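Numbering of the sequence shown is given in my numbering, commencing with residue 4 and proceeding in unit increments. Glycine is no exception: its CB is placed at the ideal position from the N, C-alpha and C atoms. For clarity, every value in this text was computed on a predicted model and none was experimentally measured.
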Amino acid sequence: MLLSVLCLHEMHTIRGINLFSFGYFSSQLLTLFITVSTTLKPFEFIWKSPLLFLAMFTMTFICLIELFNKQTKKEKNSSYSLFINTAIINLTFPYAILIRNGEFGFESCLLLLCVISSVDSAAYFTGKLAGKTKLSSLSPKKTIEGIIGGISTGIIMGIVSIVILKLQFSVYFCLVMILVLIAPVGDLYESMLKRNFNLKNSSEILPGHGGIFDRFDSYIFCFPIFYYLTILLNAL
């Protein structure tokens, strides 16, 4: 719950949302309600609704358009910014709770943590040490070599984690292969936001490491995709 609220606060800060506005407080209250609803039985039907999946898919599609469109809106404190920030947080982070409360929830969360943190770290260090080919169209400071290094390391760590956690290999290996491709998208999306609004970090809440969202950007699209793919693959 706290993670969702803090990340939404940082996203609002990046896009210049007035922190004392009605919209800011309304979005935070909505985030608290939605996050709590994942643990309440009467609201269980919402998280199983096809409409929610459609909303998540639509939000992801909009984010991809933002990422690849160089004419992405850069207007501060806009209604669009308030809407898309709130949608991103509330259609991604609550799925982490649903994953934790599901079958093999603890193991699934550990797998997510190991794979995504490996992709993040390896991409950074590979890019620093061997990065030559810039992803100039998406993020000038990131390199293709870094992305490849991150994906490769994520796959290796995923396989090791599946074996150690004794998860069904056929199901969770497929999930790992998807995760390592999705994780960089969240990182690229946040980099695009900070670049558009001339910021280095989402905040300075973690001295020397930036903000909370800087640490969790790679997870945002992974949570819902992992959740829905787990259901699909286990049903096959």
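Residues in its own chain within less than 8 Å of I49 by CB, not counting five upstream and five downstream? Leaving aside the five residues that flank I49 on each side, the residues in its chain whose CB is nearer than 8 Å to its CB run, in chain order, S40, L55.
Mind listing, in chain order, the continuous alpha helix (DSSP H) runs of no fewer than 4 residues lying wholly within the stretch 123-189? Taking only runs of at least 4 residues, the alpha helix (DSSP H) segments lying wholly in the stretch 123-189 are 147-168.
So, with DSSP's three-state summary, where would you put G213? In this structure, DSSP gives G213 an extended state, which the three-state scheme calls strand.
Looking at chain D, is there any beta carbon in it that lies within less than 8 Å of the beta carbon of S206? As a matter of chain content, chain D is missing from the structure shown, which is built from one protein chain.
T16 in three-state terms, based on DSSP: Assigned with DSSP and collapsed to three states, T16 falls in helix.
Which residues bound the alpha helix (DSSP H) around N21? Here N21 belongs to no alpha helix (DSSP H), and DSSP marks it neither H nor E.
What separation, rounded to the nearest whole angstrom, lies between the Cα atoms of I208 and I215? Taking the straight line from one Cα to the other gives about 7 Å.
So F226 is in the alpha helix (DSSP H); what residue range does that whole segment cover? Segment 225-238, the alpha helix (DSSP H) holding F226.
Check this for me: beta carbons of L85 and S155, under 8 Å apart or not? No, they are not a contact pair.
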